[in-house]
Amino acid sequence: MYSDAFCKVYNEFGWNYFPEAFGEQLLEWISQNRVTVKTSLDLACGTGILCEILYKHGIKACGMDFSEGMIKIAGENNPDIDYEVADMIHYRPQKKFDLVTCTGDALNHIIDLKDVEQIFKNVYGYLNEGGYFIFDILNEKEAVPGESIPLDFSDEIKAQFTIIQDQKGIITLKTVVFENGKKQFEENITETVHDPKTICELLQQNGFQVIKCADQLLENAKNHGTTWFIIAKK
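Going by my numbering, the sequence shown opens with residue 652, and the numbers climb by one from there.
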């Protein structure tokens, strides 16, 4: 669960670049492939950036997240979008969707593959026939232990992002936020790297057709090449 302080920094100081870039590419992918999307659900939606992008393009977008702080901000940003606080391992909404997304390596927060498979089973159940499940997972090249990445949100607000990996392969993403040089708070988030081949096999075992597994959503996209994008169809 993200702290309120982390949610505030996430919302106010520029952690929206990935969902914004992904949203633009997703809309282009929908257009290129002539896919009809009337309803969508974003799992682990954070502050709702992707939901807002889809909503503005005429899609009835919904979102859910485990963090009450993220959902509170998402609802304040756009009260016309339906948001829920829930755990995606057990989440089973009553309605169905044409498109389900899960981005920002949210599935890497799910350590146990049995739980990942349960999510796939759940998503298959609330996707419309012919609907798409599009998500990303960390590429093993992205998890470089000991690498420290500085982030400048403004002249006053800065952060340091460090990747730590233990002997079992568990990754801790350590984020320290500073204001005017003074440490404000530290957030530690645990993840793991999932093998894309194993993930695709789990999708297929649970009824999905894997359309694509590549390091870019669009063929000519300029994006982080260290992320695997997976497109699955019911």
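We treat Cβ as the ideally placed atom computed from N, Cα and C, and that holds for glycine.
Taking only heavy atoms of the ligand GDP into account, decide whether any of them is closer than 7 Å to the Cβ of residue i.
i      : result
GLN855 : As far as ligands go, the structure on display features none, and thus does not contain the ligand GDP.
Helix, strand or coil for residue i? Go by DSSP, reduced to three states.
i      : result
THR849 : helix
GLN745 : coil
ALA737 : coil
SER805 : coil
MET718 : Before going further, note that residue 718 is Ser rather than Met in the sequence given. DSSP places SER718 in coil when its eight states are reduced to three.
SER654 : Note that SER654 scores a pLDDT of 47, beneath 50, so its modelled location is shaky and nothing firm can be said.
ASP766 : helix
LYS884 : strand
ALA695 : coil
LEU778 : strand
LEU854 : helix
ILE862 : strand
LEU750 : strand
ILE732 : coil
ILE700 : helix
ILE788 : strand
ASN662 : With a pLDDT of only 49 at ASN662, under the threshold of 50, the placement of this residue in the model should not be trusted, and no figure is reported.
Answer yes or no: do residue i and residue j have a C-beta to C-beta separation smaller than 8 Å?
i      : j      : result
PHE673 : THR754 : yes
MET721 : THR698 : yes
ASP749 : THR690 : yes
ILE881 : CYS851 : yes
GLU679 : ILE700 : no
LEU692 : VAL751 : yes
TYR775 : LYS863 : no
ILE710 : LEU758 : no
LYS833 : VAL827 : no
Just checking my contact of residue i with residue j at CB under 8 Å: how many whole Å lie between their CB atoms?
i      : j      : result
LYS825 : GLU837 : 7 Å
ASN790 : ARG743 : Not confirmed; about 30 Å, so no contact.
ILE821 : THR841 : 6 Å
LEU778 : LYS746 : Actually they are not in contact, since the Cβ atoms of LEU778 and LYS746 sit about 11 Å apart, beyond 8 Å.
LEU705 : ALA695 : With 8 Å as the limit, LEU705 and ALA695 do not qualify as a contact, their Cβ atoms being about 15 Å apart.
LEU677 : LEU853 : With a Cβ gap of about 22 Å, LEU677 and LEU853 do not count as contacting.
ILE761 : ILE770 : 7 Å
Could you pull the DSSP bridge partners for residue i from this structure?
i      : result
VAL688 : Looking at the DSSP assignment, VAL688 forms no beta bridge with any residue, so it has no partner.
ALA712 : SER691
TYR783 : LEU750, LYS884
ILE800 : PHE812
TRP680 : TRP680 pairs with nothing; no bridge assigned.
> Along the chain, which unbroken stretches of the beta strand (DSSP E) at least 3 residues long are found entirely within the stretch 817–851?
Replying inline: 821–830, 833–843
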